[in-house]
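Residue numbers (my numbering), protein chains in the order written: chain X, 1 to 599; chain H, 600 to 698.
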């Protein structure tokens, strides 16, 4: 038998029926064997199982194959599995190509067309695989130092947890105070801890930690660099000469937090009547209140009847709620206000039994452990609940009764949609959570921001608290509305990921980046112009073999995103993406349009 | 439209147990009531919660259709004792109907 030039092994998975119920796997195997570059084609019930992987390892070790194609599920999960198997066989893990015949075939096609498409995708993967070359991961030295931007509870917790792993941390806070939003909170739901006690303990730890440097009153002006080697320009407000500090760091955690929504003038009477206040203001009043009377007092006046309105600045609906001047609308639920309102209502009813409370809600959403109990407790405390619909919100207006300066009119769903008027001497608005505006930093670091203006992690389950830019993480309410406990969870996750990344002092990155063919490059510079990542491609002066200086493109592999914009514009075909070369695409297309495996 | 009468709960204390605010408006009492439709007795309890005294007097006739079979009190998940509340409201209406 003639020795084949390329030795591609094709391994086709039944996926326990997921694939084989619709694709004739054995027929696909027979067709794959006829492909010019294929030396081995095998099938298995579960390729990801040990016996499945073992087949690949044996064929590699015995020299039957030098390229591997596995046809199975989407590569997102098992690409790493099969690369690992190849590595265990002593081969380079990048001689691997994947054909997705489950999501792209058996789950969407049936019968002969499914079998044909599976065969075609394998032919195309094989055509690509024959051009694969062994690659080495990009090795980047990493500074064992992390920077946390934002000194609220998420930032403090992140800094402490990273420092606990023996890595130096710099914690940067824009305001003069550490602690963020917790500074303005009182007793926290649902267990009644005092925010000030928790903050004191954490701030004592963070200020006393030798591995943590704290910069308060400091803004991050500019960020540059890449994973392991970021550089930040900081500006201290207290510095009269505005000399920027430079900070070199290996990883960055965004913990830039949130603010409470400010109602517009006239929203439920806010800014119109002084007896309309926000929930944060009520919490401040409760914290400062030392009166031992049986009625809550606000500005010296006892409060007999208090109305609390939920969902102010949250769950806004286009067409019903007016957007802000900048066009934004908060369509999300702020998640924390229901519990915070009930918590405040319980405190008031238990401390000031002569103050009555009416809570007007759209839905009560007491997220999290121990929080539904707050609703039960409020019921037991004889808080009266009334329910309104988004398109018919309560109306706050002036009242002629001198005892009650305000009245709140509601079409109450719990009273059979009858209209009721509640006299009130205090109206509290449950204002929601809005992210701090970090668009300047985010655009410098190329961090994605959602349409809700919160920062976007890569994936809430597969890659939580990570940004797509390697080496940058996020934690806390910059990411989504969450309570302080959840912010600490996210902080722990971000800290572990940052620490794991920096622990070795170097980082290995996937090698799928641009590479310049120095024999072909003529220094046109079209690639540098097309490059979307600043610093990834530069024109450098080099000495050619004849001893003359010429300009040529040079790649900084750690910066390159592997997008291929450069390869598309090079008139010489002198730049290509490792693992995804133009020639590979051409051969894939040829394999798809040829009828080598079709019936 | 009725205005919430904040003093009503106190006024009612003279006639009935103070359990109306235990109710969380689930409607189990109305579903099981064999005699009266249209959200009875839940509607009456809700009127107490929001202090709608005039509404109770307007709909007072319904109260006398109740035979105190006890099913609502038996099934109430919140021990709000609807049967006892209705009895209390009867006393209240008798004392107030001419007022």
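By construction, the Cβ of each residue, glycine as well, lies at the ideal position given by its N, Cα and C atoms.
Buried or exposed (CB count within 10 angstroms, at least 16 for buried), residue i
i, result
"residue 603 of chain X", "The structure shown does not extend to residue 603 of chain X, since chain X spans only 1 to 599, so no value can be given for it."
"residue 11 of chain X", "buried"
"residue 448 of chain X", "exposed"
"residue 30 of chain X", "exposed"
"residue 477 of chain X", "buried"
"residue 376 of chain X", "exposed"
"residue 44 of chain X", "buried"
"residue 1 of chain X", "Any answer about residue 1 of chain X is weak, because its pLDDT of 46 lies below 50 and its placement is not dependable; what the coordinates show is given next. Exposed is the call here."
"residue 583 of chain X", "exposed"
"residue 593 of chain X", "exposed"
"residue 293 of chain X", "exposed"
"residue 588 of chain X", "buried"
"residue 80 of chain X", "exposed"
"residue 246 of chain X", "exposed"
"residue 181 of chain X", "buried"
"residue 130 of chain X", "buried"
"residue 420 of chain X", "buried"
"residue 646 of chain H", "buried"
The beta strand (DSSP E) enclosing residue i, as first and last residue numbers
i, result
"residue 70 of chain X", "67-72"
"residue 100 of chain X", "96-100"
"residue 145 of chain X", "145-149"
"residue 689 of chain H", "Counting along the chain, residue 689 of chain H falls outside any beta strand (DSSP E), though it belongs to the alpha helix (DSSP H) covering 681-695."
"residue 356 of chain X", "356-361"
"residue 28 of chain X", "Note, residue 28 of chain X: premise wrong, no beta strand (DSSP E); alpha helix (DSSP H) at 25-33."
"residue 141 of chain X", "138-141"
"residue 473 of chain X", "472-474"
Check whether residue i and residue j have beta carbons under 7 Å apart
i, j, result
"residue 145 of chain X", "residue 172 of chain X", "no"
"residue 99 of chain X", "residue 28 of chain X", "no"
"residue 677 of chain H", "residue 621 of chain H", "yes"
"residue 233 of chain X", "residue 222 of chain X", "yes"
"residue 85 of chain X", "residue 65 of chain X", "no"
"residue 536 of chain X", "residue 560 of chain X", "yes"
"residue 387 of chain X", "residue 361 of chain X", "yes"
"residue 475 of chain X", "residue 255 of chain X", "yes"
"residue 308 of chain X", "residue 354 of chain X", "no"
"residue 687 of chain H", "residue 667 of chain H", "no"
"residue 344 of chain X", "residue 282 of chain X", "yes"
"residue 128 of chain X", "residue 97 of chain X", "yes"
Three-state secondary structure (DSSP) of residue i
i, result
"residue 231 of chain X", "strand"
"residue 45 of chain X", "coil"
"residue 1 of chain X", "Any reading at residue 1 of chain X needs caution, since the residue's pLDDT is 46, under 50, leaving its predicted position unreliable; the model's value is listed next. The answer is coil: DSSP assigns residue 1 of chain X none of H, G, I, E or B."
"residue 633 of chain H", "coil"
"residue 104 of chain X", "helix"
"residue 506 of chain X", "strand"
"residue 429 of chain X", "strand"
"residue 515 of chain X", "strand"
"residue 385 of chain X", "strand"
"residue 424 of chain X", "strand"
"residue 50 of chain X", "helix"
"residue 601 of chain H", "strand"
"residue 448 of chain X", "coil"
"residue 434 of chain X", "strand"
"residue 458 of chain X", "coil"
"residue 391 of chain X", "coil"
"residue 40 of chain X", "strand"
"residue 463 of chain X", "strand"
"residue 62 of chain X", "coil"
"residue 334 of chain X", "coil"
Where the alpha helix (DSSP H) containing residue i begins and where it ends
i, result
"residue 643 of chain H", "641-648"
"residue 445 of chain X", "439-445"
"residue 83 of chain X", "75-88"
"residue 561 of chain H", "Chain H is shown only over 600 to 698; residue 561 of chain H falls outside these bounds and no answer can be derived."
"residue 11 of chain X", "Segment 8-13 is the beta strand (DSSP E) holding residue 11 of chain X; no alpha helix (DSSP H) there."
"residue 655 of chain H", "652-657"
"residue 115 of chain X", "112-129"
"residue 377 of chain X", "372-380"
| query | Unbroken alpha helix (DSSP H) runs of length 4 or more, entirely within the segment 529-586 of chain X: which are they? | reply | 565-569
| query | Whole beta strand (DSSP E) runs in the segment 231-259 of chain X with 3 or more residues, listed along the chain? | reply | 245-249 and 251-254
| query | Where in the segment 146-226 of chain X do unbroken runs of the alpha helix (DSSP H), each at least 4 residues long, occur, reported from the N-terminal end onward? | reply | 153-163 and 195-208
| Cβ-based contacts, 9 Å cut-off: residues of the segment 303-323 of chain X near chain C | Note that chain C does not occur in the displayed structure, where the protein chains are X and H.
| said: Threshold first: 3 residues or longer. Then list the beta strand (DSSP E) segments lying entirely within the segment 256-322 of chain X, N to C. | reply: 258-260, 276-278 and 305-312
| request: Any chance you could list the beta strand (DSSP E) runs of at least 3 consecutive residues sitting entirely within the segment 393-417 of chain X, in chain order? | output: 395-398 and 406-412
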